[in-house]
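Letter by letter, the sequence shown follows residues 3 to 277 in the numbering used here.
Think of the CB as a built atom: it goes at the ideal place given N, C-alpha and C, for glycine as much as any other residue.
Below is one structure, written out as structure tokens; the observations come after it.
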Amino acid sequence: MKNFKNKVAAITGAGSGIGQQLALLLAQQGCHLSLSDINEKGLAQTVELVKQYPVTVTTKVLDVSNRDAVKQWAQDTVQDHGSVNMIFNNAGVALGSTVEGASYEDLEWIVGINFWGVVYGTKEFLPFIKQTKDGHIINISSIFGLTSQPTQSAYNATKFAVRGFTESLRQELDIEKSGVSSLCVHPGGIRTNIAKAAKMNDSLKSLGMDPSKSIKQFDKFLRTPPEEAARQILQAVLKDKRRLLIGTDARIVDSFQRLFPTGYQRIAAFATKML
């Protein structure tokens with residue numbers, strides 16, 4: 003893909019953060035948009051931001067963990083726009099809990115959104131994107147898809163899964179030479195609402211942590227503006243990169259894990275005690 007003009011992009015989690023900024027930057031470059039989010043108010047705010055640009059914008063209030071709803075959204079996108087070139091599987095949630103303290107309901111909740119949402123978005127849009135012979139699938143993993151952290155077992159599991167799923171997809175697309183590619187994105191701390199919206203439970207107290215304090219401490223590490231993250235993602239698409247690390251923190255963590263593939267765990271455990 004050489005540019006975004008007159009292309010069609012579908013974006014999940016488009017009501018805030020990276021998803022909202024992707025919509026804005028794409029609209030500025032003449033890309034038509036199919037936007038979804040579970041938050042109707044946030045979705046409306048994004049529409050307000052992009053309405054000044056001469057592009058077609060459609061919206062869908064969507065729970066990405068609902069396979070039938072994602073399937074219908076993909077079909078609606080093609081019906082409304084005529085085609086679709088890109089899907090940004092960006093929607094995500096966070097959960098702070100020990101392995102022992104995590105309820106099955108919370109585990110199913112985070113897996114449904116962070117992993118199955120990516121799977122549904124990929125599988126339902128991929129056949130349509132292939133028809134254009136000029137498309138891209140962009141799946142958002144995390145810095146926590148590179149290393150594991152105490153209290154983040156569920157989040158780690160979903161983001162490691164997104165990484166493996168997307169890297170395997172990329173290899174299949176390479177073999178097929180269909181004109182479609184994929185990118186796995188590993189953001190570090192991005193200034194979004196994910197920390198404030200995270201579910202936390204009292205199991206953290208068994209590790210000597212205060213759940214409310216942990217949210218505030220974690221929020222301090224969210225330093226990269228979402229507009230910068232969006233800019234880097236779109237640049238990586240145009241360069242057909244396989245993987246994108248966003249932020250100095252992501253690059254440091256990646257390097258540290260390569261140097262100390264098991265030793266980093268001791269550092270992470272020690273650092274968690276300081277929160």
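Could you tell me the boundaries of the alpha helix (DSSP H) in which residue i lies?
i      : result
Val66  : Here Val66 belongs to no alpha helix (DSSP H), and DSSP marks it neither H nor E.
Phe162 : 155 to 178
Leu26  : 19 to 30
Asp108 : 106 to 113
In three-state terms, what does DSSP make of residue i?
i      : result
Leu246 : strand
Thr226 : strand
Gly137 : strand
Ala12  : strand
Ser99  : strand
Lys53  : coil
Asn91  : strand
Thr194 : coil
Gln59  : In the sequence under discussion, the amino acid at residue 59 is Val, which differs from the Gln named in the question. Here Val59 sits in strand by DSSP.
Lys4   : coil
Lys207 : helix
Lys201 : strand
Give every residue of the same chain whose Cβ lies closer than 7 Å to the Cβ of residue i, excluding the five residues on either side of it in the sequence, and list them in chain order.
i      : result
Phe146 : Gln154, Tyr157, Asn158, Lys161
Asp136 : Met3, Asn87, Gly181
Ala271 : Pro152
His65  : The question names His, but residue 65 is Asp in the sequence shown. Ile40, Ala71, listed in sequence order.
Leu246 : Leu185, Val187, His188, Gln234, Ile235, Ala238
Gly123 : Thr14, Val66, Val72, Ile89, Asn91
Trp118 : Ser67
Ser144 : Lys161, His188, Pro189
Glu102 : Ser205
Tyr266 : Thr149, Phe258, Gln259
For residue i, I'd like the list of residues in its chain whose CB is within less than 6 Å of its CB, leaving aside the five on either flank, ordered along the chain.
i      : result
Ala76  : Glu126, Phe127
Ser99  : Asn203, Ser205
Thr2   : Nothing can be reported for residue 2, as the shown portion of the chain is limited to 3 through 277.
Ile142 : Asn92, Val187
Gly94  : Asn116
Asn41  : Gly17
Ser150 : Asn158
Leu171 : Ser184
Ala295 : No answer is possible for residue 295: the residues shown for the chain start at 3 and end at 277.
Beta strand (DSSP E) containing residue i: first to last residue?
i      : result
Pro129 : Where Pro129 is concerned, there is no enclosing beta strand (DSSP E), although the alpha helix (DSSP H) it sits in stretches over 119 to 134.
Pro189 : 182 to 189
Leu148 : It is not in any beta strand (DSSP E) - Leu148 carries neither H nor E in the DSSP assignment.
Leu35  : 34 to 39
Using only alpha-carbon positions, find the residue among the options that is nearest to residue i.
i      : options                        : result
Ser38  : Pro56, Ile89, Leu185, Ser183   : Ile89
Gln259 : Leu148, Ser170, Ser183, Leu247 : Leu148
Lys243 : Thr168, Gln267, Pro129, Gly15  : Thr168
Leu26  : Lys53, Asn41, Lys9, Ile40      : Lys53
Asp108 : Lys201, Gly190, Ala163, Ala16  : Lys201
Leu209 : Lys7, Gln133, Pro152, Ala12    : Pro152
Gln81  : Gly166, Val10, Ala238, Asn5    : Val10
Gly84  : Thr124, Ala12, Ile196, Glu50   : Ala12
Glu50  : Gln74, Tyr106, Gln23           : Gln23
Val113 : Glu102, Val164, Gly103, Thr14  : Val164
Met211 : Thr274, Lys241, Val120, Leu28  : Thr274
Thr134 : Leu261, Asn8, Gln267           : Asn8
Phe6   : Lys241, Trp111, Gly265         : Lys241
So, at 8 Å on beta carbons, what are the nonlocal neighbours of residue i in its own chain, with the 5 sequence-adjacent residues on each side left out?
i      : result
Ile131 : Val86, Asn87, Met88, Ile89, Gly137, His138, Ile139, Val182
Thr194 : Ser18, Gly19, Ile20, Leu224, Pro228
Ala104 : Leu97, Ser155, Ala156, Asn203, Ser205
**Item:** the segment 45 to 54 contacting the segment 68 to 87, beta-carbon criterion three pairs below 8 Å
**Value:** no
**Request:** Could you tell me whether the segment 50 to 57 touches the segment 18 to 36, using the rule of 3 or more Cβ pairs below 8 Å?
**Result:** yes
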